[in-house]
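Protein chains in written order, with the numbering used here: chain A, 297 to 879; chain B, -17 to 1052.
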């Protein structure tokens, strides 16, 4: 009996354990982990008439496509890799590597955005191919369905990303609406430069009518891409296509990836017309104060009627803290950007005359007197007022103390984009709008002037553009009301005038770097002389002595560096991918 | 160590001896001289039975009885020899016809040695059937004789001489095939919080931890036969039969550690069977009178491998040189050098050796261990209590009411009770509890150590004249301030584990049948209390009028008081097994069926479940021919439903050659000779290393958001992006499956010369396939990353040998044991991108081969530099490293990357020798690695080797290493390239790759452990009823021979350095 009882207890015990194990197999957790519940059907939800998730995905598309240009490339402005500035960094900065040709296919430069842009293109394609599953109710103020506008925004972002690629690499693979899966063969060949431009232009043309216009923007939709942006992108794509590097100056005329086989003047006409279209919208105009362009929000929400397309950055003090002269320790200033003497010398006198003009009255011993006000708005020169004291970039000055602290290499600091802190006391920065503007009206005007001059010569319309910019800048009209411009310039002289105007008007806005390439003057800009700065000595009597110094010997391997190399791994992993010439 | 199956015949002898005893007593005395009577006891003073007592140089022998008493016919002047397989052999000279008590001391090696064939003279005694020796294997114990796999074991005597916080310190160099590489000197302080969150569909969800779950090993990289933990291939730790990542257990508390290396012995791990098993068995219950062990020990620690910083004047001088080499202006003047060197201006020109300032030379490591075991045949128990305090090396201050030092304290209780409820039914219960309290300075030990590495001697003064901490705009925190004045963090870890095992013998149904049920629950939680603060620093400035004022830098944050959980986990494990073991004449058969499931809950993740349905069949004929087969249908629920289960199987054969008559006749001096081989298919479910549910395609939030709206808050939600694993931005891998391996292991076990010399050798050949890696044509054009896929094939092969010799001369018992392993790996297939140059190809080279540029000395002249190929855009100068242009295209680029080093098979070894003589115990372990190469330029080694790196606006510290820099005057003997400030693109991370210039010979051997102890004579203790008192001193890492002197061969900076410990203690047994 006793044994039997023991058996029963034991067997029951083991059964109990078995039951517990079986019980453990019962479901008591969700089968899909929280955080991974969202599938594409949830993002593009067939029941979601507000489109909440889909619009969040669109935000991701924006995020992926639009970089903040402030100190973007390894902590520096892209233009610090051109002849306009150098990085103040004591180490070999990313922009210095670009300016001195230290990059290759295997170790790409810091502006190599191949992967980043294809990520943005993939995201845009997901949105473009799926958004129509969402029964979005929203309407634009003009009664049109907003869903089309949102889809067009994604198409814009895709076209914009392609254009970013084309600027860097020439023709790139066009993927259409394809979203590759893990089983797809993604070994796609490059499309020609011409195909890419055509694609970007046709996309912009297709979407322009479905997008918001400037006047439809309200406080909530502020930051969404508008019709003006699409037309501006089209204008810029066509301007590039008409430019010497691609149009007549193809570094490898038989290579459709790097440009057109021959020159066609009609490309300039298309560019001029495209810029004219933006002008004709009559939605944009120049802001009276040059400095306000960069620190105010766009109309109709803000007063900035000039801004067409920008990345929403918001308000902060980081531009000031990163780039302001380094002697303002309490406010913070890291003096990251050192503009070159070449840039400073490009600014005319307040009369509009170039400093090389004997009539300009330029005084090398007092070089910053009576200059184009845009100089002071773009560059801190020695003696400029900032945070209630003069900037001291002479040797041993507060902003160039020597030793190992980061400080200017050229005797200049960058002023552009900063808030009006000239006489702030206490010397502190406050939050300032730092949206980075990609396209603004002034540039469209310059695009128009450049294309028109190339197509039909320096007409009065071309003069008018330069005059309007100089007028706004605060240059004295002069007796002939030409704001210092020479009357009756020929096409070549006007070309130089436009190029110089573009340089000084658009400095640090990521134009100079690309302009010297598309104009095919990069070899000259980089290789002629080392970049210059000033060594300013203050005598005991307080007298300033200005000595030019060389700050950086730049190198440009002509012509291969007109294009970035396609990343080595992309070429070697994809037999269809052709590398750029000489890389 | 010896293969435990060697023990078979030896322990058989014990059984034989026990039987002899009864017969001997029954037969009475054979000789007529007056008997010498005595008692034999063990180290606890507990009577020891089964000891063979022999009159030296005669064949007269008796065996001690249950009460330890023996009686032998002998005369004074004769010598008695006391032998027992588990104890050192002892001789005693008979002095007078009085009762004596002899205490035997335990052998150092767990492998018993035969007392010899001394029983032969009792011609009336025949050897009984051999009692099997059982060894600890996966989920239980098994017959050593029939074990066909590859195993290495260390026992408590070997472990307990290591003064350390974890048993891993003690097994380094002692287990063949297991290579331990120390990476840090103390357990990491865990300060990561669980409360980081993502937003998904508007809900806050904490980030998933995924991965393998928490481990308390942050000090060692463990590789078994070359399989690294970085790919989730390190061995699975099985602590008392349960899979747990537990390593922070006092070496004294452990009975044995074994490593199982082959496919057959790990088959029951199913989805994890590729990884091998580290079987850790804590002290086991032992019946008999209570045996109590108390030990207390403490020892100062000394950090090894700290670099020597340059004094300020040298630093300033060399920084000037570096700046001038960069074409920049000098930063210091002659007057500065003088002020630094003569210390005339300690505030303006400080020269602080931070190593001497913030480090305490000899922090203590202290341990107390109490172990009690005993019981009857019905119930037996063991209770183990352990306390440990490991102090860190930072200085402390009496002005703080709290401790700021790095510190690790541990309290552990481990209790086991085995109860035989009836003759057939056994219940085993284990309760294990562990509390661990970590402490660190509020600034964080890791932060302080990396600041220590980078802060120059002249950065700032320690204190200002007004007593405040020194600092300036570039150094807004003071190192000593971070050590003493930053508050503290507390790390509380607690574990509780209970095991219950029920075993029922069903011999009544059919003989040899049994069933077993085992269950385990355990919880672990770790929290951090942050009581840190920040003390501002001040710079003294003197105005032109001579007034002194102070500028404040850095925040003054009051002490915080926050609490968060850093890890939380819960495990439950059930196992049901039924087995059948029976012998039919010469045929023995065994069978086992097993089902188990381990469910782990980590933090807020969904539980993961590993399930096994396994079975095993074994057969042997006359203990001479062996065969075994095993299969496991095993599943892991982190794979896609429908693709979670797989079959893993293994088989083995063995032949005990020494049992063949022909062999015994030919080689009578060979006691044991077994040939064995196993082969099997194993798996490794390491998918968690690649992300949480990587098979599931989904959309997830990404942190940065695009802010629409004029107030930039319209997009206040996070944006969406696609992914396969959270945060990875990769495609989902819906085909993910476990890695697999086909493993062969063949070995021989040999014992000769009356069991004094034993030898084991193993050869293995492991072909891994479906190894997770990214595909080669993972082009970026698709706009998203490719996930890890089951692509790779790797070959691992190697051999291990173990050799042990134990013998004695009189009372001098000595031993020698050594093991050596050699291993080589080869990439059989890797989905590589196309490489046009053979030297760029990875396939066919060792797994994890380092590639880099081949250095060819330094440029000695500017002309040389100008004429040579170099990196695009770099202008080399004299004193720069010259690299070989392998493809001859005039530039150094990715096509010139070649495998670095010789790629020879790695060798690692350990040699232990020692003796026991009249109460004096000595042992020493030398552990070493050969054919090892180390790349001496990790991110942090650059601080040491290169110096003057950019840190904000200033330059980092430089060390003695830079004194050998190239300058024209010492061009021929320079040991490093010319100095540069702010990093150099050519010399130290050429093209962001590696360089052979910095690849060093990593061979080393250490006097890992040395131990000397003295046992007080038993005569002094007997009356106090104390079994033994041992006073001892042991030392860890006393001496290191390293081929490359620039850094410690194991622990690299700025990890907490490896420690030399000299430990003093006392151990009582009663």
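Each residue gets a CB set at the ideal place from its N, CA and C atoms; glycine is no exception. Because the structure is a prediction, the values reported are computed rather than measured.
Checking contacts by CB at 9 Å: is residue i closer than that to chain A?
{"i": "residue 331/B", "result": "no"}
{"i": "residue 824/B", "result": "no"}
{"i": "residue 904/B", "result": "no"}
{"i": "residue 873/B", "result": "yes"}
{"i": "residue 419/B", "result": "no"}
Could you give the distance in angstroms between the alpha-carbon of residue i and the alpha-carbon of residue j?
{"i": "residue 676/A", "j": "residue 847/A", "result": "17 Å"}
{"i": "residue 262/B", "j": "residue 117/B", "result": "12 Å"}
{"i": "residue 538/A", "j": "residue 733/A", "result": "23 Å"}
{"i": "residue 785/B", "j": "residue 800/B", "result": "5 Å"}
{"i": "residue 854/A", "j": "residue 637/A", "result": "24 Å"}
Can you find the residues in the same chain that come closer than 7 Å, C-beta to C-beta, to residue i, ignoring five residues on each side of it along the sequence?
{"i": "residue 8/B", "result": "Residue confidence is low: residue 8/B scores 39 on pLDDT, short of 50, so the model does not pin down where it sits. Its coordinate-derived value is still stated next. There are no such residues."}
{"i": "residue 357/B", "result": "267, 269 and 363"}
{"i": "residue 953/B", "result": "842"}
Within 9 Å (strictly less), CB to CB, does residue i reach chain B?
{"i": "residue 516/A", "result": "yes"}
{"i": "residue 366/A", "result": "no"}
{"i": "residue 419/A", "result": "yes"}
{"i": "residue 619/A", "result": "no"}
{"i": "residue 601/A", "result": "no"}
{"i": "residue 297/A", "result": "Residue confidence is low: residue 297/A scores 48 on pLDDT, short of 50, so the model does not pin down where it sits. No coordinate-derived value is stated."}
{"i": "residue 525/A", "result": "no"}
{"i": "residue 339/A", "result": "yes"}
If I measure Cβ to Cβ from residue i and keep anything under 6 Å in the same chain, skipping five residues before and after, which residues do I get?
{"i": "residue 669/B", "result": "620 and 718"}
{"i": "residue 1092/B", "result": "Look at the range of chain B in this structure, -17 to 1052, and you will see that residue 1092/B is not part of it."}
{"i": "residue 658/B", "result": "130, 636 and 729"}
{"i": "residue 942/B", "result": "290"}
Once you ignore the five residues that flank residue i on each side, which residues in its own chain have a CB closer than 8 Å to its CB?
{"i": "residue 375/A", "result": "381, 803, 804, 805, 806, 807, 808 and 809"}
Which residues in chain D sit within 7 Å of residue i, going by Cβ to Cβ distance?
{"i": "residue 694/B", "result": "This model lacks chain D altogether, as its protein chains are A and B."}
Curious, which full-length alpha helix (DSSP H) runs of at least 4 residues does the segment 430 to 471 of chain B contain?
Listed in chain order, they are 461 to 466.
Using a Cβ-Cβ cut-off of less than 9 Å, give me the residues of the segment 940 to 967 of chain B that come near chain A, in sequence order.
Those would be 963, 964, 965, 966 and 967, in chain order.
What residues in the segment 395 to 411 of chain A bring their beta carbon closer than 9 Å to a beta carbon of chain B?
Per Cβ criterion, the list reads 396, 397, 398, 399, 400, 401, 402, 403, 410 and 411.
So within the segment 838 to 919 of chain B, which uninterrupted beta strand (DSSP E) runs reach at least 3 residues, ignoring any that extend past its ends?
With a minimum length of 3 residues, the continuous beta strand (DSSP E) runs that stay inside the segment 838 to 919 of chain B are 863 to 865, 879 to 881, 888 to 899, 902 to 912 and 915 to 917.
Length-filtered (4 minimum) alpha helix (DSSP H) runs lying within the segment 630 to 663 of chain A:
Under the rule that a run must span 4 or more residues, the alpha helix (DSSP H) segments found entirely inside the segment 630 to 663 of chain A read 637 to 642.
Could you run through the segment 663 to 683 of chain B and flag, in chain order, every residue whose CB is less than 8 Å away from some CB of chain A?
Of all residues in the segment 663 to 683 of chain B, 674, 675, 678, 679, 680, 681 and 682 have a Cβ within less than 8 Å of some Cβ in chain A.
Residues in the segment 855 to 871 of chain A with C-beta within 9 Å of chain B's C-beta atoms, listed in sequence order?
So the close ones are 863, 864, 865, 866, 868, 869, 870 and 871.
Please go through the segment 932 to 985 of chain B and give each complete beta strand (DSSP E) segment of 3 or more residues, from N-terminal end onward.
Counting only runs of 3 or more, we get 981 to 983.
Chain-ordered residues of the segment 478 to 496 of chain A with a beta carbon less than 8 Å from chain B
Within the segment 478 to 496 of chain A, the residues whose Cβ lies closer than 8 Å to some Cβ of chain B are 478, 480, 482, 483 and 484, listed in chain order.
Whole beta strand (DSSP E) runs in the segment 569 to 600 of chain B with 3 or more residues, listed along the chain?
Counting only runs of 3 or more, we get 569 to 584.
Between the segment 923 to 940 of chain B and chain A, which residues of the former have a C-beta closer than 7 Å to a C-beta of the latter?
The segment 923 to 940 of chain B vs chain A, Cβ under 7 Å: 932, 935, 936 and 937.
Give me the subset of the segment 358 to 390 of chain A whose CB atoms are less than 7 Å from a CB atom of chain B, sorted by chain position.
Answer in chain order: 358, 359, 386, 387 and 388.
Select from the segment 835 to 867 of chain B all residues with a C-beta closer than 8 Å to any C-beta belonging to chain A, and list them in chain order.
Contact residues of the segment 835 to 867 of chain B toward chain A are 853, 854, 855 and 856 (C-beta to C-beta distance below 8 Å).
Beta carbons nearer than 9 Å to chain A: which residues of the segment 785 to 797 of chain B have them?
Listed in sequence order: no entries.
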